[in-house]
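Below: one structure, written as structure tokens.
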Amino acid sequence: MAIRNIVKEGDPILNKVCRPVTRFDDRLATLLDDMHETMIRADGVGLAGPQVGMLRRLFVVWDTTDAPEEIPEGYEYKFIDFVNPEILEVSEEEETHYEGCLSFPGHNGAVTRPVAVRVRAQDRNGEWFELEADGLLGRCIQHENDHLDGITIMQSSEYFYEDTEEGREEARKAKEQH
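Residue 146 in this note's numbering sits at position 91 of the sequence shown; the count goes up by one each step and never skips.
Here it is, written out as structure tokens:
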């Protein structure tokens with residue numbers, strides 16, 4: 056496995072729509088494995104194709120469902136690979152939470168999203184599966200899926216701010232005005 060460079064804010068690839076994956080081979084498996092390693096090394100919970108320079112409809116997430124609050128040394132991460140994902144259904148109920156993004160280090164945004172999502176995708180072998188998710192996993196799936204359509208946290212957030220004391224204070228004031 057290799058650590059990939061994460062594409063940062065300002066790179067036009069982040070605003071492009073991704074193409075479907077058509078080949079399920081060793082190159083795809085290597086890419087997904089590299090994305091797992093890159094995401095964990097960068098302290099992320101999700102990573103999409105365009106974030107590593109690949110305009111393909113795929114992303115990986117860390118399944119945080121049973122993860123401990125503090126990650127011990129040697130922790131066995133559980134990943135879910137989403138290839139050619141399709142959002143089938145979202146809940147009517149929405150929540151606003153702060154999100155970060157590995158392509159926008161040092162920044163956060165307040166993003167309103169459906170609480171739950173049902174998604175259909177292929178795994179690394181091309182087998183279709185469906186998954187219903189809420190909480191952090193559901194939010195992460197929606198965030199990463201946005202990347203595949205060229206939508207970044209800057210576009211989806213109501214308040215985008217630098218993750219500093221001043222930035223958090225500005226975001227708090229902006230939220231109070233709404």
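Beta carbons: idealized from backbone N, C-alpha and C, even for Gly.
Please read these numbers as outputs of a predicted model, since none were measured by experiment.
Taking DSSP's pairing of strands, which residues face His202 in a bridge?
DSSP, once it has assigned bridges, lists no residue as partnering His202.
According to DSSP, is Ala171 helix, strand or coil?
Three-state result, Ala171: strand.
Do you know offhand how far His76's Cα is from Ser158's?
The sequence as given places Val at residue 76; His does not occur at that position. Computed Cα separation, rounded: 22 Å.
Within the continuous beta strand (DSSP E) that includes Leu83, where are the two ends?
Unbroken run through Leu83 is the alpha helix (DSSP H), Asp81 to Arg96; no beta strand (DSSP E).
Considering only their Cβ atoms, is the gap separating Phe137 from Val115 smaller than 9 Å?
In this structure, Phe137 lies closer than 9 Å to Val115 by Cβ.
Between which residues of its own chain and Thr120 is the CB-CB distance below 7 Å, once the five residues before and five after are set aside?
These residues qualify, in order along the chain: Leu192.
Checking the sheet assignment: what are the DSSP bridge partners for Arg111?
According to DSSP, which records beta bridges pairwise, Arg111 is partnered with Arg74.
I think Gln197 touches Arg168, with their Cβ atoms under 8 Å apart; what is that distance to the nearest whole Å?
Indeed they touch by this definition, with Cβ atoms about 5 Å apart.
Using 9 Å as the threshold, is the C-beta distance between Val166 and Arg194 below it?
Yes, these two residues count as a Cβ contact at 9 Å.
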